[in-house]
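Those letters in the sequence shown? Residues 2 to 73, by my numbering.
Note that CB positions come from ideal geometry on N, CA and C, so glycine has one too.
Because the structure is a prediction, the values reported are computed rather than measured.
Each remark here refers to the structure printed beneath this line.
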Amino acid sequence: MNVIDIPDVIIQKIPDDVATLLQEPLRVHDMLIKKIEFQLYRITRDNKPSYVIVAYLDMNEHTVQMTYDEAV
């Protein structure tokens, strides 16, 4: 899976660093969020490691992915 699309980047998923929130579905306005999951990745750009947090929101038939990159 590509987390972010940057040339010359090494992406490594950190094993077991997955946090899942929500014990039950959450309704926000007209959206039903079934699951929120956070995954941590380590990326290397120009020989400098940094971390990326990816949040997945599972909403009905759609999955939304949001990325936080500490290097940006």
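So residue i and residue j are supposed to be a Cβ contact under 8 Å. How far apart are they, rounded?
i	j	result
Asn61	Leu27	The Cβ separation is near 12 Å, so there is no contact.
In this structure, does DSSP put residue i in helix, strand or coil?
i	result
His63	strand
Pro26	coil
Val4	With a pLDDT of 49 at Val4, under the threshold of 50, the modelled position of that residue is not reliable, and no figure is offered here.
When you compare each of the options to residue i by their alpha carbons, which one comes out closest?
i	options	result
Tyr42	Asp31, Ile54, Lys49	Ile54
Ala56	Phe39, Lys49, Lys35	Phe39
Lys36	Gln66, Met67, Leu58	Leu58
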